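To start, the structure under review is shown below, and the notes come after it.
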Ligand SMILES: *Cc1c(COP(=O)(O)O)cnc(C)c1O
């Protein structure tokens, strides 16, 4: 199977090249030339499999330049019981430990946070490094890959866990000293592994991000790296190797609902996805395109509701205020993966995609024609949740069902409710749950009324974990409980200008 660029169909490569390159040289994103289809028989077979076999089945359809043995080994390693200990059980529709579906009242929650960092990004970032390392071998390139990431929180830790000790790779994560929560910082600076490096950068996320971008385009530095055998790459969600593993859990959730007797085989379900960069929900669009019986995909945003406006009105306009919310992983104004959806609904018209992206870069906005908007609305429905509504959702789900959710999941709960209230659609909604609530203790405590009053002393991040446990009795997940005894390996702050030197130093080590 070949992959083509959304900005130039003539740019055509095999899967391992698409994964190695991440972004196409013309700035476009790689998409499969054809999408494999799942028929009724396939779905029946998938329903009888466990999660790891479902991964093997779906990945094999897309990665025909990888052997069955390779894919099999990657799936077993990436989603092994040591990385995904068994989930809690009680409310689960099926015991799929890596991505269980829980039934809470009349709602289904697809829990994607049972991995090593307690956020959904593990689902993809446990697989990507294995694909990347094997892609290097296939390409015959001699250089190794140095992953460079700027993070506002969840991505950095998930990438570190995914890449640690993976052959022919090193990973460096830069995070803003003033821009991540205490727990998120602690998760990163205590990272183990022989090929990892973590550094705080003075300033906010934009400082760290622009520093990383400058390194990627610094030709002299890249030549120096090349001379000592290293090529820079990124782990962000535009890489096909990150998107593909995400298709699997939508198929898996569907199969679990069928196996658990919750729906008839072939009956549709909706998924409601808390969305930032449009990666997670795009994987659901692709599962639907493959033939999974999906009704509507509900795109849930926070106050940064640019996607809500786009899906309702057909105008993508970045000229707006940016809000810092309690669901920070969705605080995004440019959702990169939207370009892949556009390519699809524009009938794979690469010239049209190119011109919209040019407009976006030059004027910060673009508008799509009514007919294209109509096609998007066939697939997607969108709304957003205000900060108060998000807190209210956490409180309500907790008080009514004793089920604790994080702020990102709460955004989806709110928007799922709005969808049901405004449409007559009685199709079951599956709410995609993207983080464990213990990753966002402060906001969750605040929402359920367990936060210490303003007159009390400041609680540290670690103390808030215990407090949330005292108030709710919900078990603390292993990787978060472990933070209490963690050893800090990476300390200090550097300025943005010191980042290139820092990269060269690390590349020279080992
Ligand atoms: C990254 C993230 C999201 C957004 O996912 P996208 O693929 O960027 O749309 C939502 N919730 C959490 C907890 C995340 O870490």
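Residue numbers (this note's numbering): 1028 to 1537. Positions of the beta carbon are idealized from the N, C-alpha and C atoms, including for glycine. Given the structure is predicted, the values throughout are model-derived calculations rather than measurements.
Through-space distance from residue 1324 to residue 1191, alpha-carbon basis: For the purposes of this step, residue 1191 is taken as the residue at position 164 of the chain shown. For the purposes of this step, residue 1324 is taken as the residue at position 297 of the chain shown. Their Cα atoms are separated by approximately 34 Å.
For residue 1251, the three-state DSSP class (helix, strand or coil): Translated into positions along the chain shown, residue 1251 becomes position 224. If DSSP states are grouped into helix, strand and coil, residue 1251 belongs with the helices.
Residue 1030 to residue 1088 span [Cα, whole Å]: On the chain shown, position 3 is the one that residue 1030 refers to. On the chain shown, position 61 is the one that residue 1088 refers to. For residue 1030 and residue 1088, the distance between alpha carbons rounds to 13 Å.
When 1229, 1428, 1123, 1218 are compared against residue 1286, the one with the closest alpha-carbon: As a working note, residue 1286 is residue 259 in the chain shown. It is 1123 whose Cα lies nearest to the Cα of residue 1286.
Exposure of residue 1094, with buried meaning 16 or more beta-carbon neighbours within 10 Å: Along the chain shown, one-based indexing puts residue 1094 at 67. Exposed, since its Cβ has fewer than 16 Cβ neighbours within 10 Å.
Proximal residues to residue 1515 (C-beta, below 7 Å), its chain only, five neighbours per side dropped: Counting from 1 along the chain shown, the entry for residue 1515 is found at position 488. The answer, listed in chain order, is 1216, 1217.
Residue 1351 burial status per 10 Å Cβ neighbour count (16 or more: buried): The sequence position of residue 1351 within the chain shown is 324, counting from 1. Burial call: exposed.
Those runs of the alpha helix (DSSP H) which lie wholly inside the region 1299–1362 and span at least 4 residues: 1306–1316, 1333–1340
Secondary structure of residue 1150, DSSP reduced to three states: Position 123 of the chain shown holds residue 1150. Residue 1150 falls in the helix class under three-state DSSP.
Under the three-state DSSP convention, the category residue 993 falls into: Because the chain here runs from 1028 to 1537, residue 993 falls outside it and cannot be looked at.
Rounded straight-line distance, which links the Cα of residue 1241 to that of residue 1386: Taking the first residue of the chain shown as 1, we reach residue 1386 at position 359. Taking the first residue of the chain shown as 1, we reach residue 1241 at position 214. The straight-line gap from Cα to Cα measures roughly 23 Å.
Anticipated Cβ contact below 8 Å, residue 1462 with residue 1493, distance rounded: Translated into the one-based positions of the chain shown, residue 1462 becomes position 435. Translated into the one-based positions of the chain shown, residue 1493 becomes position 466. Actually they do not touch by this definition, with Cβ atoms about 19 Å apart.
Cβ-Cβ separation, residue 1152 to residue 1262 (assumed contact under 8 Å), whole Å: Reading the chain shown from its first residue, position 235 is the one you call residue 1262. Reading the chain shown from its first residue, position 125 is the one you call residue 1152. Yes, they are in contact, since the Cβ atoms of residue 1262 and residue 1152 sit about 7 Å apart, within 8 Å.
Per DSSP, cross-strand counterpart(s) of residue 1199: Mapped onto the chain shown, residue 1199 falls at position 172. For residue 1199, which the question treats as bridged, DSSP gives the partners 1175, 1224.
Touching by the beta-carbon criterion (3+ pairs, under 8 Å), the region 1419–1436 and the region 1340–1347: Per the Cβ contact rule, the region 1419–1436 is not in contact with the region 1340–1347 (fewer than 3 Cβ pairs under 8 Å).
Boundaries (first-last residue) of the beta strand (DSSP E) holding residue 1130: Taking the chain shown and counting its residues from 1, one reaches residue 1130 at position 103. Residues 1128–1131.
Length of the line joining the Cα atoms of residue 1149 and residue 1375: Along the chain shown, read from residue 1 onward, the residue named residue 1149 stands at position 122. Along the chain shown, read from residue 1 onward, the residue named residue 1375 stands at position 348. About 30 Å.
Closer than 7 Å: residue 1141 CB and nearest ligand 1 heavy atom: Position 114 of the chain shown holds residue 1141. Not under cutoff, so the answer is no.
Cα-Cα separation between residue 1294 and residue 1315, rounded to whole angstroms: Within the chain shown, numbered from 1, the residue matching residue 1294 stands at position 267. Within the chain shown, numbered from 1, the residue matching residue 1315 stands at position 288. Answer to the nearest angstrom: the Cα atoms are 13 Å apart.
DSSP-derived helix/strand/coil call for residue 1114: Here residue 1114 refers to the residue found at position 87 of the chain shown. Here residue 1114 sits in coil by DSSP.
Residue 1295: CB within 7 Å of a non-hydrogen atom of ligand 1: As a first step, residue 1295 must be located in the chain shown, where it is residue number 268. Outside the cutoff, so no.
Where residue 1259 sits in the DSSP three-state scheme: The count along the chain shown starts at 1 and reaches residue 1259 at position 232. In the structure shown, residue 1259 sits in a strand (DSSP, three-state: E or B).
heavy atom of ligand 1 below 7 Å from residue 1192 C-beta: Working through the chain shown from its first residue, we reach residue 1192 at position 165. The answer is no for residue 1192.
Option nearest residue 1508 by Cα separation, candidates 1526, 1521, 1466, 1259: Here residue 1508 refers to the residue found at position 481 when the chain shown is read from its first residue. Per the Cα distances, 1466.
Test item: CB-CB of residue 1267 and residue 1045 under 8 Å: By 1-based counting over the chain shown, the position of residue 1267 is 240. By 1-based counting over the chain shown, the position of residue 1045 is 18. Residue 1045 sits close to residue 1267, with the two beta carbons spaced by under 8 Å.
N-terminal and C-terminal residue of the beta strand (DSSP E) that residue 1135 is part of: On the chain shown, position 108 is the one that residue 1135 refers to. For residue 1135, the enclosing beta strand (DSSP E) covers residues 1134–1138.
Exposure of residue 1512, with buried meaning 16 or more beta-carbon neighbours within 10 Å: Here residue 1512 refers to the residue found at position 485 when the chain shown is read from its first residue. So residue 1512 counts as exposed.
Residue of 1423, 1422, 1410, 1424 minimising C-alpha distance to residue 1449: Indexing the chain shown from 1 puts residue 1449 at position 422. Taking only the C-alpha atoms, the option nearest residue 1449 is 1410.
8 Å contact criterion, which residue 1422 and residue 1275 should meet: CB distance rounded: Position 395 of the chain shown holds residue 1422. Position 248 of the chain shown holds residue 1275. The C-beta distance from residue 1422 to residue 1275 rounds to 33 Å, too long to fall under 8 Å, and the pair is not in contact.
Residue 1124 - containing alpha helix (DSSP H), residue span: The residue you call residue 1124 lines up with position 97 of the chain shown. Per DSSP, residue 1124 belongs to no alpha helix (DSSP H) and is neither H nor E.
Per DSSP, the bridge partner or partners of residue 1425: For the purposes of this step, residue 1425 is taken as the residue at position 398 of the chain shown. DSSP, once it has assigned bridges, lists no residue as partnering residue 1425.
Cβ neighbour criterion (16 or more within 10 Å) applied to residue 1222: Along the chain shown, one-based indexing puts residue 1222 at 195. Buried: at least 16 other Cβ atoms inside 10 Å.
Cβ-heavy atom distance, residue 1233 to ligand 1, below 7 Å: Your numbering for residue 1233 matches position 206 in the chain shown. Residue 1233: no, Cβ never under 7 Å from ligand 1.
Beta-bridge partners of residue 1456, as assigned by DSSP: For this step, residue 1456 is matched to residue 429 along the chain shown. Bridge partners of residue 1456: 1297.
One or two residues paired with residue 1119 in a DSSP bridge: Residue numbering aside, residue 1119 sits at position 92 when the chain shown is read from its first letter. 1129.
Endpoints, the beta strand (DSSP E) within which residue 1062 is located: Residue numbering aside, residue 1062 sits at position 35 when the chain shown is read from its first letter. Counting along the chain, residue 1062 sits inside no beta strand (DSSP E), nor does DSSP assign it H or E at all.
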